[in-house]
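Novice:
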Amino acid sequence: MGLSERRCVAAVLLALTLPAQGARFVSQTWQIELRPRCPEGEVSCEIVAVLATDRSSGRVYRTTGRTVHATCAAGVSPCRFLGHAFALGDRDYLLLESGDLVTRDALGNALETSRGAWFDD
536 MGLSERRCVA AVLLALTLPA QGARFVSQTW QIELRPRCPE GEVSCEIVAV LATDRSSGRV
596 YRTTGRTVHA TCAAGVSPCR FLGHAFALGD RDYLLLESGD LVTRDALGNA LETSRGAWFD
656 D
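Sequential numbering from 536 applies to the sequence shown in my numbering.
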């Protein structure tokens, strides 16, 4: 097993052992639970467990996403938290801290924006 493979395995094992604290977003059509799988104190997180429930059909989707940040003045380091990004099938979702859920197609075209509320778990 190469170094990059060992790092990947270590990251997955670490993600599985981290506390499952997160947040829940609820809109008219979705309930989305987010569980960051990164060490506490990390500014950005590339592994966020996503459990999305379509409230109209009851169908549950599991995927992983990441946090999204604006960059600092130097254009390198993450500064301000904006929200979370994840994909389900051929749709990309941007769940903003403001409570907006933006759905885009594979080409990046906005399909829908819905409003919801955040709840701490």
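Built from N, CA and C at the ideal position, the CB exists for glycine as well.
1. Among 573, 587 and 588, which residue has its Cα nearest to the Cα of residue 581?
2. Less than 7 Å between the beta carbons of residue 619 and residue 613, yes or no?
3. Can you look up residue 583 in the DSSP assignment and give me helix, strand or coil?
4. Once DSSP output is grouped into helix, strand and coil, what is the label at residue 649?
5. Please report the distance separating the alpha-carbon of residue 646 from that of residue 628.
Specialist: To lay it out plainly:
1. 573
2. no
3. strand
4. strand
5. 10 Å
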